[in-house]
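S.K.:
2 protein chains.
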Amino acid sequence: MNRLKAKINDVFWSKYDALVRDVVIPYQRDALNDNVADADPSHAIRNFRIAAGEEEGEFYGMVFQDSDVAKWLEAVAYSLENHPDPELEKEADEIIDLIGRAQQEDGYLNTYYIINGLENRWTNLKECHELYCAGHMIEAAVAYYNVTGKRKLLDIVCKFADHIDTVFGPEEDKLKGYSGHQEIELALIKLFRATKNKTYLDLAKYFLDERGKRPYYFDIEWEKRGKTEHWPGHRRRGPEYDQSHLPVREQSQAVGHSVRAVYMYAAMVDVAMETGDEKLLEACRRLWNNIVYKRMYITGAIGSQAHGEAFSFDYDLPNDTVYAETCAAIGLVFFANRMLEVEPKGEYGDVMERALYNGVISGMSLDGKRFFYVNPLEVNPEACAKNGNMEHVKPVRQKWFACACCPPNIARLLASLGHYIYGVKDNTIYTHLYIGNNTEVEMDGIKVGLTQKTNYPWNGKVSIDINLDGSKDFGLGLRIPGWCSDAKVSVNGQQIDIAGVIVDSYAIITRSWQDGDRIEVDLPMEPVRMRSNPLVRANVGRVAIQNGPIVYCLEEVDNGPNLQTLVLPKDAALVVSFQEDLLDRVNVITAKGERVKEEDWGKELYMANPCTQYEPADLTFVPYYAWVNREPGEMTVWVWEK
Amino acid sequence: MNRLKAKINDVFWSKYDALVRDVVIPYQRDALNDNVADADPSHAIRNFRIAAGEEEGEFYGMVFQDSDVAKWLEAVAYSLENHPDPELEKEADEIIDLIGRAQQEDGYLNTYYIINGLENRWTNLKECHELYCAGHMIEAAVAYYNVTGKRKLLDIVCKFADHIDTVFGPEEDKLKGYSGHQEIELALIKLFRATKNKTYLDLAKYFLDERGKRPYYFDIEWEKRGKTEHWPGHRRRGPEYDQSHLPVREQSQAVGHSVRAVYMYAAMVDVAMETGDEKLLEACRRLWNNIVYKRMYITGAIGSQAHGEAFSFDYDLPNDTVYAETCAAIGLVFFANRMLEVEPKGEYGDVMERALYNGVISGMSLDGKRFFYVNPLEVNPEACAKNGNMEHVKPVRQKWFACACCPPNIARLLASLGHYIYGVKDNTIYTHLYIGNNTEVEMDGIKVGLTQKTNYPWNGKVSIDINLDGSKDFGLGLRIPGWCSDAKVSVNGQQIDIAGVIVDSYAIITRSWQDGDRIEVDLPMEPVRMRSNPLVRANVGRVAIQNGPIVYCLEEVDNGPNLQTLVLPKDAALVVSFQEDLLDRVNVITAKGERVKEEDWGKELYMANPCTQYEPADLTFVPYYAWVNREPGEMTVWVWEK
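So the protein lines, in turn, are chains W and H.
Counting from 27, one number per residue, gives the positions in the first sequence under the numbering used here.
Counting from 27, one number per residue, gives the positions in the second sequence under the numbering used here.
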């Protein structure tokens, strides 16, 4: 399936689009230039200046600091696509020029090693993220080239990729390595698609194919460099940590560092698509199923533990000690989006939607200035401060991070969201996401314009207007979300019996479309109580409220402290009201709940039955993604039911 | 209150007494001598030989390895008290001789520093446990002296304590330090009581008084020794970790490393008793209340987190990530026992009983050969292996530990249990624990013999026969456990109205007792559902089954996997049956429960309501302390109620 790109004009997402442009990109530029007060310094731009020999100084920051610049550039590219901005483009061009000046004669480009000694490059692929940084720079270059047509950064990364191709490969004199943090693989596919140079596809495939071979490459390089470690203790994380425990085609379980995992799975789908490698695709399907049916939070977050920022095991989904890195949810969107390119199945769209509206955007404050790395589903601020198991969980979003992977990652995804709405395959235009937008696609040489309008996710009414010169036979696939059981579709006011045309949760309406045709989709939204599989220990006895794609939570600011003392009676009505003035406009859900009467307990810690009494309590649920944009406090997604 | 010592002859505890004698002491002797196959080596005895110059070699083991020998000797002393054993006594004497040969001229005694360089002694009190090891050796010496009358070890430790007194104190040329791990304080009180030498009481008080002063002593010594660390990273644990954050008299919350905490609180009670320091006693009461009403598990375990093996905060009592070190529960018994010496209040006895019958003996297997360091209340073996938050939790007891503090600690407590049953104060003999035993006490010059018989904890019927020459006026205080609401007491078959004579949960029967009088106590036991205070997040919606002092649990071996899918209906009867052949004879509790029908779920991870169906399931509860003495598997104390 080919992706379309659409211009977003949406009640929900246009705000994010504007935020990225007006706040996040300038803010992150300031951060990269160390101009944000009271935040961890970045030093990322200075590293390039030092590497270019234009400034004295030492490398500072994470070994992968370069990638923050790359992700920012990528976000800028997508933003320019939506909103041309000569001033911003000039800034980007200047940074690209700087990057070019830092690049070495042979094409090598990584400020950490340029500054600290090129003799050590490619000696610690496990820990030092050289190929990861290269990947991000390539992604930025492709995006910038696609949007602006400017080749400068593309040429820089082609030269770098060509250099990498001289270092890694099956030939005897080359290293048989691969990146400790996957990213270059999916980047090389993009570079291949932009340049049509098959070397890059072959190199991506090579990196995937080497992974999981024995002896373990990271042991070999460790011996070779004299058994040093960049991060002491890092080595004891075994091959599962970086998904090198098995050849990729033999993997069935999502293990290890969750961002690495989903970046790799996304690249596996890409390579499978480009090469027709069915065995690779089967592995992607198995890994997808393992994540989505056994290792994913209801928010679309993944990564159950801080140890190794990793998956743990099937159905292990603790809400409070969770990792749920913003980047991992973003990576799941990448994976889902690529699976959709392979085959239009509703479940891919459902998961993409679930992650986007919940676990991804929860990573950024509504003002675009603060970020979560970790996105817990249950928070008690006192526990974050006083119980080491929650040490990694911050009860409020942070300005910037020493390890700043998430903020620019969320920016580049939001800025490119227009690429995720539609796909075209076999004479059918598939609508994966319901987001107000307009786009144009050529079907057999005929330009077809689509204008989508909706108040999604606040209600499920969507209209799509078709604009074309005359008429054209083609299919229009409409994703019927998994949460919706009674979807209705009409064309020009005429309801269609969709039961017969639903294939893999897409209603496919094939007809001769005329200019001015209007499709109306009605996806009735009602708040529902979601339960999780009883094998999920953390959620026994609890429900989560979901309305359409939006997962809700209780916050202390609305419901008082000790959220665990609140219960939602089974028969309590869930009442939706749209609040113009709250949290940038949201649907709030209220219910008549109950609260355990604490006073009956006095000072006792344990008492014999019976002793739990309840009193009425009004419950207010707000969208999870918007939590802690007011007073900090407790939060929970899963609520006790009675 | 003065403690009595009783000879145990009990259906429940005599087995432990025999185990300590026949299994634990020989096993631990073998361990200390590195003669246990497949277990972590100890090297503790060899360290003494090397320190004595009788063997070549290096120090091996933890910096506090000496304390394992001391705790073993202390256990041997108590065991000899119960069961004279010339062979064992000879072995102990030989080790004591060895210890004497390792002692330095000036009295110093610590194999780590003797072997590695005496010039570094007393330079790292925060991390290196010199005073802690000294404390355990003193405790062993006092016990050995009290039981055998032999002064050799007592003389050794007096010489060592005198040396310590030359090093620490208010005088200008002395160090103003104190131990990073409290223990010497309570040991010095014992030494004071054994020798009547007030120097030792003053030194104990000095160590308590210095604690919490600013500047922080551990910063001073760190600067002085050139900012080195014994355990890299240890230093970032702030003063709360070792309870040096405030002067002890100003402390109100149980914080930091839980073993250090309760050892210190126990010493604080001792010093308060000896000096009449009311302010110190008030701090003990506050700390007691904080633990018992806000920071204690239902098993009497303490220490909610592995990070720092520490308390966390009020009502934070996670069941699966818990630390609950065996030594901490033992330390809570010490603290409770000393509070009882100050004032006979039932709540002290209740907590002592709760810890003893649950969180302490859970630390040892029924065969006395394997031990838990961590005593979780909920275990999923897969989580222990695959989720880093449970890395410290072992799903089966271990043979020995690199850090072997718990096994000898449990041995010395069990061997000395006869000291915990009674106390005498103001012409009243208080019965704190119901354990079959006989003892003798002098009341005003008249010898009174007491013979207690009971099947406790399997039922609550207790008889106490009085044996004396003629008659004697005195009080007999009988603890009415908190779990018992309808206790009955009769004397010579005549029921007594105890309502009027209960003071602080002790029924006090004062009369002229005659030889042959028989007191019968009936404490009807019925299994009850315990709930925890709703502020305890981990236990919302769940109950724990308790019968008398025994807390129960569900094990996978009886109930199948996925214990979280089991529910106990509110109206389900709890049926007790005594099982002769199970787990060394226990009361088992069964109930007609239900189980979530998993098959309704298929592969779904999340579904909209309604979707939880139940099927009948027989539930079998066994005593918590006896868990995983059969097949390893899941376990939970807290069970879902419906």
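Where is the CB? At the ideal position from N, CA and C, for every residue including glycine.
Owing to the predicted nature of the structure, the values given are computational and were not obtained by experimental measurement.
Can you grab the Cα-Cα spacing for the pair H:Glu107 / H:Ala118, in whole Å?
M.R.: Indexing the second sequence from 1 puts residue 107 of chain H at position 81. Indexing the second sequence from 1 puts residue 118 of chain H at position 92. Looking at the two C-alpha atoms, the distance is approximately 13 angstroms.
S.K.: Quick one: what does DSSP say W:Pro407 is sitting in, helix, strand or coil?
M.R.: As a position in the first sequence, residue 407 of chain W is number 381, starting the count at 1. Helix at W:Pro407.
S.K.: By DSSP's criteria, H:His283 is part of a beta bridge. Which residues make up the other side?
M.R.: For the purposes of this step, residue 283 of chain H is taken as the residue at position 257 of the second sequence. According to DSSP, which records beta bridges pairwise, H:His283 is partnered with H:Ala336.
S.K.: Between the region 281-299 of chain H and the region 345-359 of chain H, can you find at least three pairs of beta-carbon atoms closer than 8 angstroms?
M.R.: Yes, the region 345-359 of chain H is in contact with the region 281-299 of chain H.
S.K.: Measure how close the beta-carbons of H:Lys320 and H:Tyr349 come, nearest whole angstrom, since I'm counting them as under 8 angstroms.
M.R.: As a first step, residue 320 of chain H is located in the second sequence; it is residue number 294 there, counting from the start. As a first step, residue 349 of chain H is located in the second sequence; it is residue number 323 there, counting from the start. That belief does not hold up - the Cβ atoms of H:Lys320 and H:Tyr349 are roughly 16 angstroms apart, past 8 angstroms.
S.K.: Between W:Thr536, W:Lys498 and W:Val529, which has its C-alpha nearest W:Ser516's C-alpha?
M.R.: Sequence index remark: in the first sequence, residue 516 of chain W carries index 490 (1-based). The option with the nearest alpha carbon to W:Ser516 is W:Thr536.
S.K.: Do H:Ser93 and H:Tyr53 have their beta-carbon atoms positioned less than 8 angstroms apart in this structure?
M.R.: Position 27 of the second sequence holds residue 53 of chain H. Position 67 of the second sequence holds residue 93 of chain H. Going by C-beta atoms, H:Tyr53 is not nearer than 8 angstroms to H:Ser93.
S.K.: What residue does the alpha helix (DSSP H) around W:Phe194 start on, and which one ends it?
M.R.: As a working note, residue 194 of chain W is residue 168 in the first sequence. Premise fails: W:Phe194 is in no alpha helix (DSSP H) and is neither H nor E.
S.K.: With the cut-off set at 8 angstroms, would you say H:Gly334 and H:His256 are in Cβ contact?
M.R.: For the purposes of this step, residue 334 of chain H is taken as the residue at position 308 of the second sequence. For the purposes of this step, residue 256 of chain H is taken as the residue at position 230 of the second sequence. Not a contact, by the Cβ cut-off of 8 angstroms.
S.K.: Would H:Thr662 be called buried (16 or more neighbouring beta carbons within 10 Å of its own) or exposed?
M.R.: Counted from its first residue, the second sequence places residue 662 of chain H at position 636. Buried is the call here.
S.K.: Taking all protein chains shown into account, decide if H:Glu641 is buried (16 or more other Cβ within 10 angstroms of its Cβ) or exposed.
M.R.: Residue 641 of chain H sits at position 615 when you count from the first residue of the second sequence. By the 10 Å Cβ count, H:Glu641 comes out exposed.
S.K.: Listed from N- to C-terminal order along the chain, which residues in the region 611-632 of chain W have their beta-carbon within a distance smaller than 8 angstroms of any beta-carbon of chain H?
M.R.: Residues Val622, Glu624, Trp627, Lys629, Glu630, Leu631 and Tyr632.
S.K.: Report yes or no: do three or more beta-carbon pairs, one from the region 398-411 of chain W and one from the region 464-476 of chain W, lie closer than 8 angstroms?
M.R.: Not touching, per the Cβ criterion.
S.K.: So for W:Leu217, helix, strand or coil by DSSP?
M.R.: As a working note, residue 217 of chain W is residue 191 in the first sequence. Looking at W:Leu217 - three-state DSSP - the assignment turns out to be helix.
S.K.: On the DSSP bridge list, what partners appear for W:Arg621?
M.R.: Within the first sequence, numbered from 1, the residue matching residue 621 of chain W stands at position 595. DSSP output for W:Arg621 lists W:Leu592 and W:Glu641 as bridge partner(s).
S.K.: Just grab the DSSP bridge partners of W:Asp548 for me.
M.R.: By 1-based counting over the first sequence, the position of residue 548 of chain W is 522. According to DSSP, W:Asp548 bridges with W:Lys487 and W:Lys514.
S.K.: With 16 other CB atoms within 10 Å as the buried threshold, where does W:Asn146 fall?
M.R.: Locating residue 146 of chain W in the first sequence gives position 120, where the first residue counts as 1. Flag for W:Asn146 reads exposed.
S.K.: Hey, does W:Lys412 have any beta-carbon neighbour from chain H nearer than 8 angstroms?
M.R.: Within the first sequence, residue 412 of chain W is the residue found at index 386, counting from 1. Output row for W:Lys412: interface = yes.
S.K.: So, does the CB of W:Pro595 fall closer than 8 angstroms to a CB anywhere in chain H?
M.R.: For the purposes of this step, residue 595 of chain W is taken as the residue at position 569 of the first sequence. Taking Cβ atoms only, chain H never reaches closer than 8 angstroms to W:Pro595, which makes this a no.
S.K.: Would you say W:Trp539 reaches chain A, if we count a Cβ-Cβ gap shorter than 8 angstroms as a contact?
M.R.: Of the chains in the structure shown, none is chain A; the protein chains are W and H.
S.K.: So W:Ile215 and W:Val297 are in contact, right, with Cβ under 8 angstroms, and what is the actual spacing, rounded?
M.R.: Within the first sequence, residue 215 of chain W is the residue found at index 189, counting from 1. Within the first sequence, residue 297 of chain W is the residue found at index 271, counting from 1. W:Ile215 to W:Val297, Cβ: 7 angstroms. Contact.
S.K.: Which residues of chain W have a Cβ atom closer than 7 angstroms to the Cβ of H:Gly567, listed in chain order?
M.R.: Within the second sequence, the letter at position 541 stands for residue 567 of chain H. Gly567 and Trp666, listed in chain order.
S.K.: With distances taken between CB atoms, is the gap from H:Asp346 to H:Val422 smaller than 8 angstroms?
M.R.: The residue you call residue 346 of chain H lines up with position 320 of the second sequence. The residue you call residue 422 of chain H lines up with position 396 of the second sequence. No. Outside cutoff.
S.K.: Contact check, W:Lys451 vs W:Val49 under 8 angstroms by CB: the rounded distance?
M.R.: Stepping through the first sequence from its first residue, residue 451 of chain W is reached at position 425. Stepping through the first sequence from its first residue, residue 49 of chain W is reached at position 23. 36 angstroms between Cβ atoms; not a contact.
S.K.: Where does W:Asp268 sit, in a helix, a strand or coil, going by DSSP?
M.R.: The sequence position of residue 268 of chain W within the first sequence is 242, counting from 1. It is coil, neither helix nor strand.
S.K.: Would a check of beta-carbon distances place H:Lys320 closer than 8 angstroms to chain W?
M.R.: Position 294 of the second sequence, counted from the first residue, corresponds to residue 320 of chain H. It does; some Cβ of chain W falls within 8 angstroms.
S.K.: Going straight from the alpha carbon of W:Thr221 to that of W:Leu403, what length do you get?
M.R.: Along the first sequence, read from residue 1 onward, the residue named residue 221 of chain W stands at position 195. Along the first sequence, read from residue 1 onward, the residue named residue 403 of chain W stands at position 377. Roughly 42 angstroms separates the two Cα atoms.
S.K.: Give the C-beta separation of H:Thr480 and H:Gly462 to the nearest angstrom, bearing in mind that I take them to be a contact with Cβ-Cβ under 8 angstroms.
M.R.: For this step, residue 480 of chain H is matched to residue 454 along the second sequence. For this step, residue 462 of chain H is matched to residue 436 along the second sequence. Their Cβ separation, rounded to whole angstroms, is 6 angstroms, which keeps H:Thr480 and H:Gly462 in contact under 8 angstroms.
S.K.: Beta carbon of H:Ser531, beta carbon of W:Tyr632: below 8 angstroms?
M.R.: Along the second sequence, one-based indexing puts residue 531 of chain H at 505. Along the first sequence, one-based indexing puts residue 632 of chain W at 606. No.
S.K.: State the Cα-Cα distance for the pair H:Tyr134 and H:Ile140, rounded to the nearest angstrom.
M.R.: To locate residue 134 of chain H, count along the second sequence from 1; it is residue 108. To locate residue 140 of chain H, count along the second sequence from 1; it is residue 114. Looking at the two C-alpha atoms, the distance is approximately 9 angstroms.
S.K.: What residue from H:Asn485, H:Leu440, H:Phe339 and H:Val318 has the CA that sits closest to W:Met416's CA?
M.R.: Sequence index remark: in the first sequence, residue 416 of chain W carries index 390 (1-based). Per the Cα distances, H:Phe339.
S.K.: How long is the line joining the alpha carbons of W:Ser603 and W:Met551, rounded to whole angstroms?
M.R.: As a position in the first sequence, residue 603 of chain W is number 577, starting the count at 1. As a position in the first sequence, residue 551 of chain W is number 525, starting the count at 1. Their backbone Cα atoms lie some 12 angstroms apart in a straight line.
S.K.: For chain H, is any of its Cβ atoms less than 8 angstroms away from the one on W:Ala332?
M.R.: Here residue 332 of chain W corresponds to residue number 306 of the first sequence, with the count starting at 1. So yes, W:Ala332 belongs to the interface.
S.K.: Which residue comes first and which comes last in the alpha helix (DSSP H) that contains H:Phe604?
M.R.: Here residue 604 of chain H corresponds to residue number 578 of the second sequence, with the count starting at 1. Looking at the DSSP string, H:Phe604 is not in any alpha helix (DSSP H); the run it does join, the beta strand (DSSP E), is Val601 to Gln605.
S.K.: If contact is defined by three or more beta carbon pairs under 8 angstroms, each pair taking one atom from either stretch, is the region 645-658 of chain W in contact with the region 378-396 of chain W?
M.R.: Yes, the region 378-396 of chain W touches the region 645-658 of chain W.
S.K.: For the beta strand (DSSP E) containing W:Arg711, name the first residue and the last one.
M.R.: This structure cannot settle anything about residue 711 of chain W, because the visible part of chain W is limited to 27 through 668.
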